[in-house]
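Encoded as C-alpha cells, the structure appears first; notes follow it.
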Amino acid sequence: MIDITTALLVSVFAGFVGSLVGLGGAVIITPVLTFLGLDIRLAIAASMVAIIATSSGSASSYVRGGLSNIRAAFYLEIFTAVGAVIGALITSRITPNEEVYLYFFFAAFLMTSFYGIFGRRNREFSNVKQDGFARWLGLEGSYFDKPSGRTVDYKLTRPAAAGPGMFVAGIAAGMLGIGAGGFKVSIHELIMGMPSKVSTATSNFIIGMTALAGASVYFDSGLLYLNLAATLAIGTTIGSTAGARVLPRLRNRTVKALFLVVLGVLIVQMVYKGATLV
Amino acid sequence: MNVRSSFLQLGISWILRIGVVLSVIFEASGLLLNYFQTGSTSLGFTDQSLWRVRGGNFFDFAYSTAGSVFAGITAVELVSLGIATLMFTPYFRVIAAVFYYSVEKDWKYAAITVFVFAVITTALFVF
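Chains as they are written, first to last, in the numbering used here: chain A, 22 to 299; chain B, 12 to 138.
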C-alpha cells in the first residue's frame with residue numbers, strides 16, 4: 022500500500038525534474054506509482070491534477086522572470102486545447118487495436134524530436150530569421166541569462182507550422198492523461214527556434230491549461246482520489262518551486278541534455294504502451 | 012520586456028503564486044487534520060472511500076465543495092477546497108489575459124485568449 026510519504030517523495034522529484042525540462046511530471050509519477058502497486062488508472066487521474074501544480078508552481082517564477090513567452094503560450098494553447106478535447110473524445114471512442122497505431126505514431130513523433138534536438142545539443146543560443154506571421158503575432162522576447170551574464174534577445178519563427186504539431190501534443194495530452202510537455206518543448210525548439218530555457222518555461226506555462234481541460238474528464242470517471250491527488254500536488258509544488266530557482270542558473274545545453282534523457286524515457290513508455298496493446 | 016507586458020507578467024505571476032500557496036495550505040491542512048483524526052498516513056483506495064470523487068464535471072465538484080464548506084469543515088472538504096483552488100488557478104490566468112488584452116485593445120490576442128477560454132470552459136463543462 023502506498024502511503025503519503027512515498028507519494029510525496031516521488032512527486033517532489035517529478036516536480037523538480039518537470040520544472041527543469043518543461044514537463045508536468047506525470048511521465049515520472051505514473052510509472053513509479055504503478056511499479057509500487059497502484060492501479061495505473063488511479064495514478065493517471067491523480068497525476069493530471071499534480072501536473073497543474075507543477076505548472077503553476079514553476080510558471081509563477083518563470084513568468085515574473087520573463088522566461089515564459091506568454092504570447093507564444095496563448096497562441097500555441099489554441100491548438101493544444103482543441104487537441105486535448107479531441108484526444109479525450111478519441112479515448113472514449115476508439116478500440117485498443119486502433120489505439121496501437123496512435124501510440125506508435127506518438128513514439129515516432131518523439132523519436133524524430135529526439136534526433137532533431139540531439140543534433141542541436143551543443144547549441145547554446147539559436148539565431149532564427151522571423152517569418153511574416155511570427156512578426157504579425159509579435160513572437161519575440163528577451164530574458165536575462167545568468168550563466169552568460171547578459172540579456173538575450175530572441176525571435177521566434179514558423180508559428181503556422183508549430184500549430185499542427187501542438188495539436189498532436191494536445192491529442193497526446195488528452196488521450197494519455199499527461200501534460201505532453203515532451204512534445205511541446207520539441208516543437209518550440211525544432212520548429213519555432215525557441216531557446217531551451219524559454220521553451221521549458223513556456224511549456225510549463227502551457228501544460229497547466231492543457232491539463233486543466235484533461236483533468237476534468239477524471240472527475241466524472243470515479244478514478245480520482247483526493248488524498249492521493251492532494252499529496253502529489255503538494256509534492257510537485259515543492260519540487261517545481263525548487264526547480265524554478267535552479268533553471269535560470271543552468272546553461273541551455275544542460276537543459277537540452279536533461280530533456281533528451283526524459284525524452285528517451287517517454288519514447289520507451291510510448292513503445293511499451295503500444296506493444297502491450299498488440 | 013516592455014512596461015505593458017510586465018504588467019501582464021506580474022498579474023499572472025501573482026495569480027499563480029496566490030493560487031499555489033492557498034491550494035497547498037488547504038491540501039496540507041486537510042491531510043494533517045485527517046492524520047490527527049485517524050493516526051494513519053496510508054492512502055486507501057476503496058469505492059466507499061470519502062476521498063473518492065463520485066462523478067460530475069469540475070464545476071459540479073467546485074459547487075458542491077463550496078456548499079459543503081459552509082456546512083462545516085472536515086479533512087475531505089479542506090482537501091477538496093485545495094484541489095478546486097489549484098484547478099481554478101490556470102483558469103483565472105486565462106481570464107486575466109483576456110481582460111488585459113481587451114483593456115489594452117490588443118484585439119489579436121484578446122481573440123486568441125477568448126478562444127482558449129471558451130475551449131477550456133467547454134471541456135470543464137462537458138467532460
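Heads up, the beta-carbon is just placed ideally off N, CA and C, and yes, glycines get one too.
For this session: Could you tell me whether the Cβ atoms of Val31 (chain B) and Thr258 (chain A) are closer together than 8 angstroms?
Result: Start at 1 with the first residue of the second sequence, and residue 31 (chain B) comes out as number 20. Start at 1 with the first residue of the first sequence, and residue 258 (chain A) comes out as number 237. Taking C-beta atoms as the reference points, Val31 (chain B) and Thr258 (chain A) count as a pair closer than 8 angstroms.
Problem set entry | Proximity winner among A:Ile107, A:Phe226, A:Tyr124 and A:Asn90, relative to Tyr175 (chain A) (alpha-carbon distances) | Position 154 of the first sequence, counted from the start, is the residue given in the question as residue 175 (chain A). Per the C-alpha coordinates, the member of A:Ile107, A:Phe226, A:Tyr124 and A:Asn90 positioned closest to Tyr175 (chain A) is A:Asn90.
Problem set entry | Enclosing beta strand (DSSP E) for Gly214 (chain A) [first to last residue] | Sequence index remark: in the first sequence, residue 214 (chain A) carries index 193 (1-based). No beta strand (DSSP E) holds Gly214 (chain A); DSSP gives it neither H nor E.
For this session: Whole angstroms is fine: what's the gap from Ile199 (chain A)'s alpha carbon to Val33 (chain A)'s?
Result: Here residue 199 (chain A) is taken as the residue at index 178 of the first sequence, counted from 1. Here residue 33 (chain A) is taken as the residue at index 12 of the first sequence, counted from 1. Distance between the alpha carbons of Ile199 (chain A) and Val33 (chain A): 17 angstroms.
Problem set entry | DSSP-derived helix/strand/coil call for Asp166 (chain A) | In the first sequence, counting from the first residue as 1, residue 166 (chain A) sits at position 145. It is a strand residue.
For this session: Note down, in chain order, each residue of its chain lying with its Cβ closer than 6 angstroms to the Cβ of Glu88 (chain B), except the 5 sequence neighbours on either side.
Result: Position 77 of the second sequence, counted from the start, is the residue given in the question as residue 88 (chain B). Excluding positions up to five away in sequence, the list reads Ser79 and Val80.
Exercise. If you measure beta-carbon to beta-carbon, which residues of the region 217 to 232 of chain A are closer than 7 angstroms to chain B?
Worked result: Gly229 and Met230
For this session: Determine, using beta carbons only, whether Met12 (chain B) comes closer than 8 angstroms to chain A.
Result: By one-based count along the second sequence, residue 12 (chain B) stands at place 1. Reliability of the predicted coordinates at Met12 (chain B) is poor, the pLDDT of 46 falling under 50, and no value is obtained from them.
Exercise. In three-state terms, what does DSSP make of Val70 (chain A)?
Worked result: In the first sequence, residue 70 (chain A) corresponds to position 49, counting from 1. In the structure shown, Val70 (chain A) sits in a helix (DSSP, three-state: H, G or I).
Exercise. Taking any Cβ of chain B, which residues in the region 239 to 259 of chain A have a Cβ under 7 angstroms from it, in chain order?
Worked result: Phe240, Asp241, Gly243, Leu245, Tyr246, Leu247, Asn248, Leu249, Ala250, Ala251, Thr252, Ala254, Ile255 and Thr258
Problem set entry | Backbone CA spacing between Arg272 (chain A) and Arg65 (chain B) [nearest angstrom] | For the purposes of this step, residue 272 (chain A) is taken as residue 251 along the first sequence, with counting starting at 1. For the purposes of this step, residue 65 (chain B) is taken as residue 54 along the second sequence, with counting starting at 1. Straight-line Cα distance between these residues: approximately 46 angstroms.
Problem set entry | Proximal residues of chain A, C-beta to C-beta of Tyr102 (chain B) below 9 angstroms | The residue labelled residue 102 (chain B) in the question sits at position 91 within the second sequence. Near Tyr102 (chain B) (Cβ distances below 9 angstroms), the residues of chain A are Met230 and Leu233.
Problem set entry | Residues from the region 61 to 91 of chain A in contact with chain B, defined by Cβ distance under 7 angstroms | Leu63, Val70, Ile73, Ala74, Ser76, Ser77, Gly78, Ala80, Ser81, Val84, Arg85, Gly87 and Ile91
Exercise. Is Trp62 (chain B) close to chain A, meaning its C-beta is less than 8 angstroms from at least one C-beta of that chain?
Worked result: Counted from its first residue, the second sequence places residue 62 (chain B) at position 51. Yes, Trp62 (chain B) lies at the interface with chain A (some Cβ there is under 8 angstroms from its Cβ).
Problem set entry | Under 9 angstroms from the C-beta of Met213 (chain A): neighbouring residues of chain B | For the purposes of this step, residue 213 (chain A) is taken as the residue at position 192 of the first sequence. Near Met213 (chain A) there are no residues of chain B at all, since even the closest Cβ is about 16 angstroms away, more than 9 angstroms.
For this session: Please say whether Gly191 (chain A) and Gly108 (chain A) have beta carbons closer to each other than 8 angstroms?
Result: Translated into the one-based positions of the first sequence, residue 108 (chain A) becomes position 87. Translated into the one-based positions of the first sequence, residue 191 (chain A) becomes position 170. Yes, Cβ-Cβ distance for Gly108 (chain A) and Gly191 (chain A) is below 8 angstroms.
Exercise. Who does Lys176 (chain A) pair with in a DSSP beta bridge?
Worked result: Working through the first sequence from its first residue, we reach residue 176 (chain A) at position 155. Answer is A:Glu161, bridged to Lys176 (chain A).
For this session: Helix, strand or coil for Asp71 (chain B), going by three-state DSSP, please let me know.
Result: Sequence index remark: in the second sequence, residue 71 (chain B) carries index 60 (1-based). Correct three-state label for Asp71 (chain B): helix.
For this session: Write down the C-beta distance between Phe154 (chain A) and Met291 (chain A) rounded to the nearest angstrom, noting that I regard them as a contact closer than 8 angstroms.
Result: Looking up residue 154 (chain A) in the first sequence gives position 133. Looking up residue 291 (chain A) in the first sequence gives position 270. With 8 angstroms as the limit, Phe154 (chain A) and Met291 (chain A) do not qualify as a contact, their Cβ atoms being about 31 angstroms apart.
Problem set entry | Status (buried if at least 16 other CB within 10 Å, exposed otherwise) for Lys205 (chain A) | Here the question's residue 205 (chain A) lines up with position 184 in the first sequence. With at least 16 other beta carbons inside 10 angstroms of its own, Lys205 (chain A) counts as buried.
Exercise. Mapping DSSP to helix, strand and coil, what is Arg28 (chain B)?
Worked result: In the second sequence, the residue the question calls residue 28 (chain B) occupies position 17. Residue state, collapsed to three classes: helix.
Exercise. Expressed to the nearest angstrom, what Euclidean distance is found between the alpha-carbon atoms of Val14 (chain B) and Gly83 (chain B)?
Worked result: Within the second sequence, the letter at position 3 stands for residue 14 (chain B). Within the second sequence, the letter at position 72 stands for residue 83 (chain B). The pLDDT assigned to Val14 (chain B) is 48, lower than 50, so where the model puts this residue is not dependable, and the model offers no usable value.
For this session: Kindly list, in the order they appear in chain A, the residues whose Cβ is closer than 7 angstroms to that of Tyr74 (chain B).
Result: Taking the first residue of the second sequence as 1, we reach residue 74 (chain B) at position 63. By Cβ distance, chain A contributes nothing, its closest Cβ being about 12 angstroms from Tyr74 (chain B), past 7 angstroms.
For this session: Ignore the nearest five residues each way along the sequence and tell me which others in Gly41 (chain B)'s own chain have a CB closer than 6 angstroms to its CB.
Result: Within the second sequence, numbered from 1, the residue matching residue 41 (chain B) stands at position 30. The residues are Ala86, Leu89 and Val90.
For this session: For the region 99 to 146 of chain A, list the alpha helix (DSSP H) runs that are entirely contained and at least 4 residues long, ordered along the chain.
Result: 117 to 140
Exercise. What's the C-alpha gap between Ala107 (chain B) and Ile23 (chain B)?
Worked result: In the second sequence, residue 107 (chain B) corresponds to position 96, counting from 1. In the second sequence, residue 23 (chain B) corresponds to position 12, counting from 1. Going by the C-alpha atoms only, they are around 7 angstroms apart.
Exercise. Taking 8 angstroms as the CB-CB limit, is Ala263 (chain A) close to chain B?
Worked result: Walking along the first sequence from the start, residue 263 (chain A) turns up at place 242. Answer no: the Cβ-Cβ gap between Ala263 (chain A) and chain B never drops below 8 angstroms.
For this session: State buried or exposed for Met12 (chain B), treating a residue as buried only when at least 16 other CB atoms are found within 10 Å of its CB.
Result: Translated into the one-based positions of the second sequence, residue 12 (chain B) becomes position 1. Since pLDDT at Met12 (chain B) reaches only 46, below the 50 mark, its modelled position is unreliable, and no value is offered.
Exercise. What is the DSSP secondary structure of Val283 (chain A), counted as helix, strand or coil?
Worked result: The residue labelled residue 283 (chain A) in the question sits at position 262 within the first sequence. It is helical.
For this session: Could you name the residues that DSSP lists as bridge partners for Arg171 (chain A)?
Result: What you label residue 171 (chain A) is simply residue 150 of the first sequence in a count that begins at 1. DSSP output for Arg171 (chain A) lists A:Asp166 as bridge partner(s).
Exercise. With a CB to CB cut of under 6 angstroms and the five nearest residues on each side skipped, what residues in its chain are close to Ala67 (chain A)?
Worked result: Against the first sequence, residue 67 (chain A) aligns to sequence position 46. Leu249, Ala250 and Leu253, listed in sequence order.
For this session: Identify each residue in the region 82 to 99 of chain B for which the Cβ-Cβ distance to at least one residue of chain A is less than 7 angstroms, and report them in chain order.
Result: Val87, Val90, Ser91, Gly93, Ile94, Leu97 and Met98
Exercise. Lys119 (chain B): buried (16+ other C-beta within 10 angstroms of its C-beta) or exposed?
Worked result: On the second sequence, residue 119 (chain B) is found 108 positions in, with the first residue counted as 1. The residue is exposed, with fewer than 16 neighbouring Cβ atoms inside 10 Å.
Exercise. To the nearest angstrom, how far is it from the Cα of Arg92 (chain A) to the Cα of Val149 (chain A)?
Worked result: Numbered from its first residue, the first sequence carries residue 92 (chain A) at position 71. Numbered from its first residue, the first sequence carries residue 149 (chain A) at position 128. Spanning the two alpha carbons is a distance of roughly 18 angstroms.
Problem set entry | Exposure of Asp24 (chain A), with buried meaning 16 or more beta-carbon neighbours within 10 Å | Numbered from 1 along the first sequence, position 3 holds the residue referred to as residue 24 (chain A). Result: exposed.
Problem set entry | Closer than 8 angstroms to chain B by CB, Ala105 (chain A) | In the first sequence, the residue the question calls residue 105 (chain A) occupies position 84. Output row for Ala105 (chain A): interface = yes.
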